[in-house]
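Notes for the one structure printed next.
Protein chains: 2
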Amino acid sequence: MLSLKDLSYLVSLNELRHFGKAAAACHVSQPTLSGQLKKLEHQLGVQLIERGSNRVILTHVGLEIAQRAKAMVLQAHEVEELARTSNTPLTGRLKLAVIPSLAPYLMAKTGARVGALLPELKIELHELETAELLRQLRNGDIDVGILVLPQAQAGLRSLSLWREQLWLGVGREHEWAHRTQVTRTQLLSDKMGAELILLQEGHCLADQAQQLCQLKSQSQAFRGASLETLRYMVSAGNGATLVPQLSMEAWISHGEDRIVYIPITEPKQAREIGFLARTGSAYWPCVEALHEVMTSVLPSVSTGTQTVPLVI
Amino acid sequence: MLSLKDLSYLVSLNELRHFGKAAAACHVSQPTLSGQLKKLEHQLGVQLIERGSNRVILTHVGLEIAQRAKAMVLQAHEVEELARTSNTPLTGRLKLAVIPSLAPYLMAKTGARVGALLPELKIELHELETAELLRQLRNGDIDVGILVLPQAQAGLRSLSLWREQLWLGVGREHEWAHRTQVTRTQLLSDKMGAELILLQEGHCLADQAQQLCQLKSQSQAFRGASLETLRYMVSAGNGATLVPQLSMEAWISHGEDRIVYIPITEPKQAREIGFLARTGSAYWPCVEALHEVMTSVLPSVSTGTQTVPLVI
DNA sequence: AATTTCTAATAGGTAATTCCAATCACATGT
DNA sequence: ACATGTGATTGGAATTACCTATTAGAAATT
Numbered sequence: 001m002l003s004l005k006d007l008s009y010l011v012s013l014n015e016l017r018h019f020g021k022a023a024a025a026c027h028v029s030q031p032t033l034s035g036q037l038k039k040l041e042h043q044l045g046v047q048l049i050e051r052g053s054n055r056v057i058l059t060h061v062g063l064e065i066a067q068r069a070k071a072m073v074l075q076a077h078e079v080e081e082l083a084r085t086s087n088t089p090l091t092g093r094l095k096l097a098v099i100p101s102l103a104p105y106l107m108a109k110t111g112a113r114v115g116a117l118l119p120e121l122k123i124e125l126h127e128l129e130t131a132e133l134l135r136q137l138r139n140g141d142i143d144v145g146i147l148v149l150p151q152a153q154a155g156l157r158s159l160s161l162w163r164e165q166l167w168l169g170v171g172r173e174h175e176w177a178h179r180t181q182v183t184r185t186q187l188l189s190d191k192m193g194a195e196l197i198l199l200q201e202g203h204c205l206a207d208q209a210q211q212l213c214q215l216k217s218q219s220q221a222f223r224g225a226s227l228e229t230l231r232y233m234v235s236a237g238n239g240a241t242l243v244p245q246l247s248m249e250a251w252i253s254h255g256e257d258r259i260v261y262i263p264i265t266e267p268k269q270a271r272e273i274g275f276l277a278r279t280g281s282a283y284w285p286c287v288e289a290l291h292e293v294m295t296s297v298l299p300s301v302s303t304g305t306q307t308v309p310l311v312i
Numbered sequence: 001m002l003s004l005k006d007l008s009y010l011v012s013l014n015e016l017r018h019f020g021k022a023a024a025a026c027h028v029s030q031p032t033l034s035g036q037l038k039k040l041e042h043q044l045g046v047q048l049i050e051r052g053s054n055r056v057i058l059t060h061v062g063l064e065i066a067q068r069a070k071a072m073v074l075q076a077h078e079v080e081e082l083a084r085t086s087n088t089p090l091t092g093r094l095k096l097a098v099i100p101s102l103a104p105y106l107m108a109k110t111g112a113r114v115g116a117l118l119p120e121l122k123i124e125l126h127e128l129e130t131a132e133l134l135r136q137l138r139n140g141d142i143d144v145g146i147l148v149l150p151q152a153q154a155g156l157r158s159l160s161l162w163r164e165q166l167w168l169g170v171g172r173e174h175e176w177a178h179r180t181q182v183t184r185t186q187l188l189s190d191k192m193g194a195e196l197i198l199l200q201e202g203h204c205l206a207d208q209a210q211q212l213c214q215l216k217s218q219s220q221a222f223r224g225a226s227l228e229t230l231r232y233m234v235s236a237g238n239g240a241t242l243v244p245q246l247s248m249e250a251w252i253s254h255g256e257d258r259i260v261y262i263p264i265t266e267p268k269q270a271r272e273i274g275f276l277a278r279t280g281s282a283y284w285p286c287v288e289a290l291h292e293v294m295t296s297v298l299p300s301v302s303t304g305t306q307t308v309p310l311v312i
């Protein structure tokens, strides 16, 4: 019978392409890994590895089997996690990834409450853009993601958290600063098109804004690496930007900046935020617990139907 | 590290609920299985099995893990098959299931050609109704099914084979025997509703006919266990029935019966036949090979746009 | 051309695991 | 009380996985 351990050696070798490093990653000696892989090849009756001098190449079958083996090893870990959490639910080390336009504000707002209500859950926080988040989620490098839904992905399961409204942020001296609302048509005007500054490509917020305003990527002179960068730009009177509700609230409560937030209407702009995890993840109960804790903290944004512009 | 072998012991125990029988099924002694399961419980730190006197019950976690283990064991078998077939493609033992209203006629028509072109492929033929076929396919008891599509099922992959037209079969003395076509409206008439005899429940052909004619199941006095039964009924002048093209051709070529086949139009009635296998099945190349062989034999029905009634 | 350096494969020995046969302990039903 | 059927236990044999140390081969360097 095939052994999971041997399969995990193959997975490791496929990822590192080096017997010694793969062995170290598996916490065995290099001869052990070498021998066990040879045994595996003999068991299966197929050559899995082309042992070229100074480079390791997997055969076609070897690659195919390594991919399946990877899935099996992941499932084995899930079984182990399942067993562990069945004894002590809501504990353990949860690898959580959050998109950058959300992470600092979400954590600032909910971190304390989560820590208080789920003291045994150690959250290992990663900040990843959507595409990389999805990749690592499928790869098993992270367990749960918080990002913009919907993300219809086979093998993944989502749980909606809240709808977050988008605001237009302009400097206090800006000519629009006294408007009580902005429509999409107004946003599409040439003037605003040149003024709008967005996040760099890859950020889903940038994609959404670009789609909303029908901008071509070339038309953007400057693109910020983070929302905080955009905040300083706008605050200094340079241009305007789209601001999600949660970061807006954070900025307002910290005061000090010189930004006016104007609601965007016709249509109202929002983004759906939620959890995403592998179907069958042992951490799903944790996701549900987090959902409960977070929604108890977030209803102030969840209602999110304010139409009066907030000015500092 | 978890061992696939131990997990397979748990799977076996879950299915047989008996240490001795499970051990026999795994080809090990009962003490071995007992001990290894105890080891597994210790590894996972959870009780998986309630050892009541005279009965074996899995705990909640035990059941959950047994299900996942089952999936992993299946994947292991697929890896083994993949390795084997990569050496010698289109060989091995293919467990193929075909729905009963298709099996005898399809095999009679294509069996010889398949045997000639794929001599190394040993086909183990099962005859199963749709629901049971899907269950066994997911369970790994069979590898490939031939049935009516579409069957949108997660984890399963399909390949269309041909569209099979449905005909109305009536006795030679029947008052409709000289019609050149029948419309759906005519089929819905009270008279025909009482005369139509269908297969027993569970057969997808019966479902389709029932839906076509908007019949309530109570309105059916007699239901046949197989198409052959229906053939004798209709041939003897008792009622009428729906006949798929393939069986009709078989019956015509064998002559002897006293049935007239009338095409159903407005709308033309047909059913889509195709293969279904687990995504990632090692036998998919076999499916494609079978597809090629069968379509080379079946184009005569595949064109299937005859509108002239065939009479013996 | 010789040497160094990196690679993976091999050899030999040890500890752990897996397994079986025989037996035990404990029920249930006769 | 007894037979029957259950899973658990024991002791020992065979196998397996693993390590350290070494070897062999191929590239890069001198």
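Going line by line, the protein sequences match chains A and B.
Numbered as in the working numbering, the first sequence ends at 312 without a single skipped number.
Numbered as in the working numbering, the second sequence ends at 312 without a single skipped number.
Even for Gly, the Cβ is constructed at its ideal location relative to N, Cα and C.
Would you call residue i buried or exposed, if buried means 16 or more other Cβ atoms sit within 10 Å of its Cβ?
i      : result
B/E120 : exposed
B/Q67  : exposed
A/F222 : exposed
B/E124 : exposed
B/H42  : exposed
B/N139 : exposed
A/T32  : exposed
A/H60  : exposed
A/H178 : exposed
A/M1   : exposed
A/A69  : buried
B/E173 : exposed
How far does the alpha helix (DSSP H) with residue i in it extend, from its first residue to its last?
i      : result
A/P285 : W284 to V297
A/H254 : Q245 to H254
B/T185 : R184 to L187
A/K21  : F19 to A25
A/Q165 : Taken as a continuous stretch (DSSP letters only), A/Q165 belongs to no alpha helix (DSSP H), being part of the beta strand (DSSP E) at L156 to G171.
B/E132 : T130 to N139
B/A206 : C204 to C213
Consider the C-beta atom of residue i and the heavy atoms of the ligand ADP; say whether any pair is separated by less than 8 Å.
i      : result
A/K109 : Although the ligand ADP was asked about, the structure shown includes no ligands whatsoever.
Can you give the beta carbon distance from residue i to residue j, rounded, assuming they're within the 8 Å contact cut?
i      : j      : result
B/L246 : B/L106 : 6 Å
B/R84  : A/G45  : 7 Å
B/S281 : B/E80  : Not quite, the Cβ-Cβ distance comes to about 12 Å (not below 8 Å), so this is no contact.
A/L166 : A/I264 : 6 Å
A/P244 : A/S101 : 6 Å
B/V287 : B/L159 : 6 Å
A/I197 : A/G237 : With a Cβ gap of about 12 Å, A/I197 and A/G237 do not count as contacting.
B/C213 : B/L230 : Contact doesn't hold; Cβ gap of about 15 Å is too wide.
A/T110 : A/G169 : Not really, about 23 Å apart at Cβ, beyond 8 Å.
Would you tell me roughly how many angstroms separate the C-alpha atoms of residue i and residue j, rounded to the nearest one?
i      : j      : result
A/Q208 : A/V182 : 17 Å
B/T88  : B/L82  : 10 Å
B/A112 : B/V297 : 10 Å
A/C204 : B/E132 : 45 Å
A/H18  : A/R51  : 10 Å
A/G255 : A/R135 : 37 Å
B/I146 : A/L90  : 45 Å
B/V260 : B/E272 : 24 Å
B/L227 : B/W176 : 21 Å
B/L10  : B/L37  : 7 Å
B/N14  : B/I49  : 9 Å
B/Q269 : A/V144 : 48 Å
A/S12  : A/A22  : 5 Å
A/S8   : B/A76  : 13 Å
A/S29  : B/I57  : 41 Å
B/E195 : B/G239 : 5 Å
A/P104 : A/R278 : 24 Å
List the endpoints of the continuous beta strand (DSSP E) containing residue i.
i      : result
B/E124 : L121 to E127
B/G111 : No beta strand (DSSP E) holds B/G111; the alpha helix (DSSP H) holding it covers A103 to L117.
B/R231 : Looking at the DSSP string, B/R231 is not in any beta strand (DSSP E); the run it does join, the alpha helix (DSSP H), is L227 to S235.
B/T265 : I259 to T265
B/E15  : Here B/E15 belongs to no beta strand (DSSP E); instead the alpha helix (DSSP H) covers L4 to L16.
A/G274 : A270 to R278
B/L94  : G92 to V98
A/L147 : V144 to L149
Give the list of continuous alpha helix (DSSP H) stretches no shorter than 4 residues that lie fully inside the stretch 27-85 of chain A. 30-44
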